[in-house]
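Quick notes on the structure that follows.
Numbering (UniProt numbering), first residue to last: 1 to 222.
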């Protein structure tokens, strides 16, 4: 039994699904361009620098989910998938997923981006299991809050262990575990698995991977 774990944004995707969801809502007229874009860009810079306040970001990013009726959100997401997500999906990423699937490996996406945005993206790659930050819901409508631990930095380990525990499993049950990621924010989980792989990594992760002999691959360029 083997497990292949994939980060999503800037790993399987050649771009950031959370950032592009905000851009999409701006283009659709749901968000004010000037106000939202400036904050979105600042949060993205904080993320890249490893100093993101995840709860401040989630307050900002999940608020639109609470202001749009659920049925309308589903229609928006379908358009978002075609306009923003499909262009970020790469043949090399799909080939890697398909390779693990052909080997009989279990597949899992783990991402800090909320599960409303990301679950359909994982399924588009043929991956049914996803751990994402969980938006709070009451009677089927999002509240703008969060349920449980955000799957960010060390939170990815917490959420992965919760996911395994619910299945009566632990990481030790797997013969080997891969984790593919682009970001130094994922170093806690990468250090935990047997097979960490840096994918189009940021400078911090690249330096760490080189120093520790981890594979470095690109899913954007052959």
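Don't be surprised by glycine CBs; every beta carbon is placed ideally from N, CA and C. What you are looking at is a predicted structure, and each value in this text was computed from that prediction instead of being measured.
The beta carbon of residue 209 sits closer than 7 Å to those of 198, 201 and 216, all from its chain and outside the five residues before and after it, given in chain order.
Straight-line spacing of the CA atoms in residue 146 and residue 90 works out to 30 Å.
Between residue 2 and residue 92, the alpha-carbon positions lie close to 21 Å from each other. Under DSSP, residue 106 shares a beta bridge with 3. The beta carbons of residue 157 and residue 131 sit no closer together than 8 Å. Residue 155: member of the alpha helix (DSSP H) spanning 154-166, first to last residue. Taking a contact to require three or more Cβ pairs closer than 8 Å, the stretch 163-183 and the stretch 136-152 do not qualify as touching. The way I'd put it, the stretch 10-29 does touch the stretch 75-91; three or more beta-carbon pairs between them come closer than 8 Å.
Between the alpha carbons of residue 4 and residue 99 lies a distance of about 10 Å.
In the three-state scheme derived from DSSP, where H, G and I count as helix and E and B as strand, residue 201 is classed as coil. When DSSP states are grouped into helix, strand and coil, residue 47 belongs to the helix group. Within its own chain, the residues whose Cβ lies closer than 8 Å to the Cβ of residue 36, once the five positions on either side in sequence are excluded, are 22, 25 and 26, listed in chain order. The beta-carbon distance between residue 97 and residue 17, rounded to whole angstroms, is 16 Å. This is too long to meet the 8 Å contact definition. Per the DSSP secondary-structure output, residue 217 pairs in a beta bridge with 199. Unbroken alpha helix (DSSP H) runs of no fewer than 4 residues, entirely contained in the stretch 10-49, are found at 17-27 and 33-48, following chain order. Annotation for residue 136: the continuous beta strand (DSSP E) segment containing it runs 130-138.
Separation of residue 55 and residue 151 (C-alpha to C-alpha, rounded to the nearest whole angstrom) is 11 Å.
If you look at residue 177, you'll find it in the beta strand (DSSP E) that goes 176-181. The stretch 117-126 makes contact with the stretch 76-84; the number of CB pairs closer than 8 Å reaches 3 or more. When only Cα atoms are considered, residue 153 and residue 191 end up about 12 Å apart.
Between the beta-carbon of residue 28 and that of residue 73 there is about 11 Å, and that puts the pair past the 8 Å contact cut.
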